[in-house]
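Report on the structure given below.
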Amino acid sequence: MQDILGMSYLELEDFFKSIDEPRYRAEQFAQWIYGKKLRDFSDITNFKKELKDKLEENAFIYSLKLRSSQTSKDGTKKYLFALEDGELIETVLLRQKKENEGTRNTLCISTQVGCPMNCSFCATGQAGFERDLKTSEIIAQIADVERIEKLKINNVVFMGMGEPFLNYENVVRAIKIINEKKFFNIGIRKITVSTCGLVPEINRFAEEELDVVLAVSLHSADDTKRSSIMPVNRRYNLEELKKAIAHYISKINRRVTLEYAMIRGFNDKPEDLRKLISFCQGLKVHVNLIPINETEEEYKKSEKAEYFASELKKKNIESTVRQERGADIDAACGQLKGKGRKH
Ligand code: SF4
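Quick note on the numbering used here: the sequence shown kicks off at 2 and runs consecutively.
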């Protein structure tokens, strides 16, 4: 049985050819599946019964089982989905009204059940690792939320449960499917992939020349401190990470986002700011200063984000203080544990 949601457009054409149908059927089919969000082949009105029977016999559309959902005071909605083997993942929808742009619907999607990277501030990292998601399980998060909410997703961030680059092939395949004009048609620059800093994969990703937004979770520009909260730093230190980011920027010619969760008394002192500035120097980056969500007793939200932003500006380093969203339903950064989790 062919798993339709994991296919590229070319593969979909090949599939129709393999069941003795013309390749152009792929385009008609995509309009029903991705455009009208149909799940049942028998509802495709411009296909004859014989073709619908062939589809039933040879293919399926993967669908997630919605276990529950919660809506935050700010409108952020978190979905708990069950996979076929009973594992659970979380997906988060953020809706923002934008001037001249209507509503921006951003979906934060998961790439693994759990995460093995073990970042100490992250609820996902504390919950263990089960397995990678298949491409169709990644794609179904978008397809199913669009169907449930009857809306169009126009931004996708790979920042849910899991480290995307540990599930490299399926993530790259998913990006191409999300961007495919005949499927979701989400602009490549509306897709963000977030990594905790896997240097070989950042270098490999640069070779894909996909032009998506790359976000790197930095959180400290001091090796000892970063290693204490992100074990990945013991494998690839800041010097190696900076080199990989510089290489990525030189290949893609695009600003990289640095995520900096601000933790009171840990990474918000003047020396931390100095090190952050020095890390950014020579790099085309945008720093996201994120007041951390207080998932663990030991981490308290810093009040220094605005100060950091103004000091970065003096050094011509772009930054934004990113507003927390969905914190009251554990949907914000670092709070997914779906018991899954999040970057
Ligand atoms: S922050 Fe990201 S990489 Fe680190 S444990 Fe959480 S999900 Fe994994």
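C-beta: ideal position from N, C-alpha, C; glycine also.
A straight-line Cα-Cα distance of about 35 Å links N180 and F309. With fewer than 16 other Cβ atoms inside 10 Å of its own Cβ, S19 counts as exposed. Per DSSP, A306 is one residue of the alpha helix (DSSP H) stretching across 306 to 315. Note that the segment 301 to 319 touches the segment 274 to 281; at least 3 beta-carbon pairs, one per stretch, sit closer than 8 Å. Of the candidates G76, R26, S43, G76 places its Cα closest to the Cα of T107. Here I250 has V257, L284, K285 as same chain residues with Cβ atoms under 7 Å from its own Cβ, once five neighbours each way along the sequence are excluded. Per the Cβ contact rule, the segment 196 to 206 is not in contact with the segment 83 to 91 (fewer than 3 Cβ pairs under 8 Å). Taking one beta carbon from each stretch, the segment 223 to 234 and the segment 260 to 276 have 3 or more pairs nearer than 8 Å; the two touch. When the beta-carbon positions are compared, K38 and R148 come within less than 9 Å of each other. With a cutoff of 9 Å on beta-carbon distance, E164 and Q113 are scored as near each other. DSSP, read as helix, strand or coil, puts F82 in strand. Relative to the Cα of K302, the nearest Cα in the group E102, F122, F61, I140 belongs to F122. In this structure, I318 places its C-beta atom within 9 Å of the C-beta atom of V288. Judged by DSSP secondary structure, A175 falls outside any beta strand (DSSP E) and instead within the alpha helix (DSSP H) spanning 169 to 180. Your pair G161 and V93 checks out as a contact, with CB atoms roughly 7 Å apart and the cut at 8 Å.
Shortest gap from the CB of T92 to any heavy atom of the ligand SF4: 8 Å or more. DSSP, reduced to helix, strand and coil, places A128 outside both helices and strands of the structure shown, so it counts as coil. When beta bridges are read from the DSSP output, T196 appears opposite V217. When rounded, the separation of the alpha-carbon atoms in Q142 and L239 is 33 Å. Around K177, the same chain offers S9 as residues with beta carbons nearer than 7 Å, after the five sequence neighbours per side are excluded. The alpha-carbon of G188 is positioned some 22 Å away from that of N168. Residue range 271 to 281 is occupied by the alpha helix (DSSP H) that includes S279. Checking the 8 Å criterion, the Cβ of G126 is within range of a heavy atom belonging to the ligand SF4.
With a cut-off of 8 Å, the C-beta of S218 is classified as near the ligand SF4, since at least one heavy atom of the ligand falls inside that distance. Rounded to whole angstroms, F166 and V172 show a C-alpha spacing of 7 Å. Here A247 has G283, L284 as same chain residues with Cβ atoms under 8 Å from its own Cβ, once five neighbours each way along the sequence are excluded.
Excluding five sequence positions before and after C116, the CB atoms of its chain that fall closer than 7 Å to its own CB belong to T125, G126, F130, M162, G163, E164, R342, given in chain order. A check of alpha carbon separations from F184 across L242, I140, E150 identifies I140 as the nearest.
About 7 Å separates the CB atoms of T193 and F159; that is less than 8 Å, so the two are in contact.
Annotation for E164 indicates a beta carbon within 8 Å of some heavy atom of the ligand SF4.
Listed as beta-bridge partners of M263 by DSSP are P292.
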